[in-house]
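S.K.: Residue numbers (our numbering): 1131 to 1279. Dropping the structure in here first, questions after.
What follows is the structure, encoded as structure tokens:
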């Protein structure tokens, strides 16, 4: 499988849906964040609201680092049978957005591991809410992921 392609496609999805913020901000969960959703740096230090702004290039570095070192390994560990780079990218983006803990406990993971890709769209679409409300942006993101599956 072409892992490099999966990383690039997943990063493209994250770029599209996360947006890029060059100065630290509080995400909706109240966590200091920078770039394309980074909450910590390669050094292990957490992002703080007092951190200096970063360049677009630095944001790109952080994004690719997060996909390569955090989300790709998590998805491979939880869904080891994914053998298509586009499917892998879609599930990496899901995990980037919702965390590996949610992938771990999801029926989505069970369907993927059972090879039931025909059920993946339905399972992805269950994850389009925040605070119990359907959000258009999350619906569109899940649809974009589903197209790759």
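Even glycine gets a Cβ: it sits at the ideal position worked out from N, Cα and C. As the structure is a computational prediction, the values presented were derived from the model and not from experiment.
Around the C-beta of residue 1212, are 16 or more other C-beta atoms found within 10 angstroms, so that it is buried, or is it exposed?
M.R.: As a position in the chain shown, residue 1212 is number 82, starting the count at 1. So residue 1212 ends up on the buried side.
S.K.: Kindly give me the distance between the Cβ atoms of residue 1224 and residue 1254, rounded to whole angstroms, as I take these residues to be in contact under 8 angstroms.
M.R.: Taking the chain shown and counting its residues from 1, one reaches residue 1224 at position 94. Taking the chain shown and counting its residues from 1, one reaches residue 1254 at position 124. That pair is a contact at about 7 angstroms.
S.K.: Does the pairing of the segment 1198 to 1217 with the segment 1229 to 1237 give three or more beta-carbon distances under 8 angstroms?
M.R.: Segments in contact, yes.
S.K.: Taking C-beta to C-beta, are residue 1145 and residue 1218 nearer than 8 angstroms?
M.R.: Along the chain shown, one-based indexing puts residue 1145 at 15. Along the chain shown, one-based indexing puts residue 1218 at 88. Cβ atoms of residue 1145 and residue 1218: not closer than 8 angstroms.
S.K.: Using DSSP with H/G/I as helix, E/B as strand and the rest coil, what is residue 1153?
M.R.: Stepping through the chain shown from its first residue, residue 1153 is reached at position 23. Strand at residue 1153.
S.K.: If I follow the unbroken beta strand (DSSP E) through residue 1162, where does it start and stop?
M.R.: Residue numbering aside, residue 1162 sits at position 32 when the chain shown is read from its first letter. Boundaries of the beta strand (DSSP E) around residue 1162: 1162 to 1165.
S.K.: May I have the straight-line CA-CA distance separating residue 1181 from residue 1155, to the nearest angstrom?
M.R.: On the chain shown, position 51 is the one that residue 1181 refers to. On the chain shown, position 25 is the one that residue 1155 refers to. Near 10 angstroms, if we compare the C-alpha coordinates of residue 1155 and residue 1181.
S.K.: Among 1149, 1229, 1195, 1242, which residue has its Cα nearest to the Cα of residue 1214?
M.R.: Working through the chain shown from its first residue, we reach residue 1214 at position 84. For the residues 1149, 1229, 1195, 1242, the minimum Cα distance to residue 1214 belongs to 1242.
S.K.: Taking just the CA atoms, how far does residue 1159 sit from residue 1187?
M.R.: For the purposes of this step, residue 1187 is identified with residue 57 of the chain shown, where counting begins at 1. For the purposes of this step, residue 1159 is identified with residue 29 of the chain shown, where counting begins at 1. Whole-angstrom Cα-Cα distance: 25 angstroms.
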